[in-house]
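Everything below concerns the one structure shown next.
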Amino acid sequence: MKTSAYIKAIAQDNSLPIEQAAVDLWLKDLANPFRWTLRPLLQFVFAVLLHIIWFIKRLPLPQFSAHGLLQTLICWFCKNLVSYEANMLILRHYTTESNILNFLIANHRPANSDDIAPNTQPQLIDPLKLYPQTIDDMQIASFVNHDQELFRVFAEMGPWQHAPFNQACAQENLKWDNWVSITENSFQVERKATQVLDFESAHALFMCLFCFLLKRDEYRDAINGFNLDQSMAIRIGQLAGNPTLTEMAYNKYPHYLVGPWNLGQRFLMHGFFTEYMYAFLEPIRKQANKSAIDK
1 MKTSAYIKAI
11 AQDNSLPIEQ
21 AAVDLWLKDL
31 ANPFRWTLRP
41 LLQFVFAVLL
51 HIIWFIKRLP
61 LPQFSAHGLL
71 QTLICWFCKN
81 LVSYEANMLI
91 LRHYTTESNI
101 LNFLIANHRP
111 ANSDDIAPNT
121 QPQLIDPLKL
131 YPQTIDDMQI
141 ASFVNHDQEL
151 FRVFAEMGPW
161 QHAPFNQACA
171 QENLKWDNWV
181 SITENSFQVE
191 RKATQVLDFE
201 SAHALFMCLF
211 CFLLKRDEYR
221 DAINGFNLDQ
231 SMAIRIGQLA
241 GNPTLTEMAY
251 NKYPHYLVGP
261 WNLGQRFLMH
271 GFFTEYMYAF
281 LEPIRKQANK
291 SAIDK
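UniProt numbering numbers the first residue of the sequence shown as 1 and each following residue consecutively.
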């Protein structure tokens, strides 16, 4: 397929912070011929099916879930049907989001921090350990835990102590506990001839599995967790002194609960958001390390 003028333009646009490796993967995914032929049909069929399942789930019927089966099915599809580029983007997402949350844990400032007695250690929050490097690792670093760890961290951090952007932490004072840098050897995905589904087509399939194999409240929470992107951007922006970061959060207003409508786009924009935040923070971490070594 001939590369369009628009694709050539965004391939060179570095206005937003995003690693070139992620851009290259996404552009290859956009060039997947099945994205332009099979995806529209799959998205239509699975969107209808999703809303039927969601309607049934909302009825006053006994709830059930099958987390293990969900993990097994998704990993099987990833190994055998989902494209190499899409699998790499999925694995990157685990690392980018885990890094963002671990950064917030390491630098969190409770709203009542002024009332904490001197020499008293703040409440310790367990860091995330969801850093799968292969598709098989995702059986353990599960999709379900990915959502639940996000909610746990926000609940355990508690209310945030807001501060003006001009009172941000000095970059050398930011902490990077449990941060894992992404390198060209971070992930291993076996290529197969049957791996033809692009990222968005794969998600159309996955979202139906999620809705069917999670309980009603579990699924509702998962599809609304994206809206915490804005909250993360506000906190990172205040720590780093950059008020523009909130503009990178497409998913906003966590107090307003939404259903599965437009889920594919919201999911995709959540993935872009974590890539933006990772690419914004990683150079700061590298510079802090370099400054520490120079001293």
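Even for Gly, the Cβ is constructed at its ideal location relative to N, Cα and C.
These numbers come from a predicted model, not from an experiment.
Check, Outcome
"Apart from the five residues just before and just after Gln-71, which ones in its own chain have a Cβ nearer than 6 Å to its Cβ?", "Gln-139 and Ser-142"
"Output needed for Phe-34: all residues of its chain with C-beta closer than 7 Å, excluding positions within five of it in sequence on either side, in chain order.", "Val-196, Leu-197, Asp-198 and Ser-201"
"Which word fits Thr-95, buried or exposed, when buried means at least 16 other C-beta atoms lie within 10 angstroms of its C-beta?", "buried"
"For Leu-197, write down the residues that DSSP places opposite it in a beta bridge.", "Val-82"
"Taking just the CA atoms, how far does Gln-171 sit from Ile-284?", "7 Å"
"From Ile-125 to Pro-110, what distance separates their C-alpha atoms?", "12 Å"
"With the cut-off set at 9 Å, would you say Leu-50 and Leu-263 are in Cβ contact?", "yes"
"Can you name the start and end residues of the alpha helix (DSSP H) that residue 347 belongs to?", "Because residue 347 is not part of the residues shown, which for the chain are 1 to 295, the question remains open."
"What's the C-alpha gap between Ile-100 and Phe-154?", "12 Å"
"So within the stretch 172–253, which uninterrupted alpha helix (DSSP H) runs reach at least 4 residues, ignoring any that extend past its ends?", "199–213, 216–224 and 229–240"
"Are three or more beta carbon pairs between the stretch 270–280 and the stretch 246–257 nearer than 8 Å?", "yes"
"I need the straight-line Cα distance from Ala-5 to Phe-212, nearest angstrom please.", "41 Å"
"What does DSSP give as the partner residues of Pro-164 in its beta bridges?", "Per DSSP, none; premise fails for Pro-164."
"Spatial neighbours of Gln-287 within its chain, please: C-beta separation below 8 Å, excluding the five flanking residues on both sides.", "Gln-171"
"Near Leu-239, what residues of its chain come up, given a Cβ to Cβ distance below 7 Å and the 5 sequence neighbours on each side ignored?", "Asn-107, Ala-168, Cys-169 and Leu-174"
"Can you list, in chain order, the residues of its chain whose CB lies under 6 Å from that of Glu-19, leaving out five sequence neighbours each side?", "Ala-279"
"Can the beta-carbon of residue 312 be found less than 9 Å from the beta-carbon of Leu-25?", "Outside the shown range of the chain (1 to 295) lies residue 312, about which nothing can therefore be said."
"Taking Lys-192 as the reference, which of Trp-54, Val-82 and Leu-27 has the closest Cα?", "Val-82"
"For Asp-229 and Thr-274, I'd like the C-alpha separation in whole angstroms.", "8 Å"
"Can you list, in chain order, the residues of its chain with a C-beta nearer than 7 Å to that of Trp-188? Leave out the 5 residues immediately preceding and following it.", "The question names Trp, yet the displayed sequence has Gln at residue 188. Closer than 7 Å at Cβ, skipping near neighbours: Gln-133 and Thr-134."
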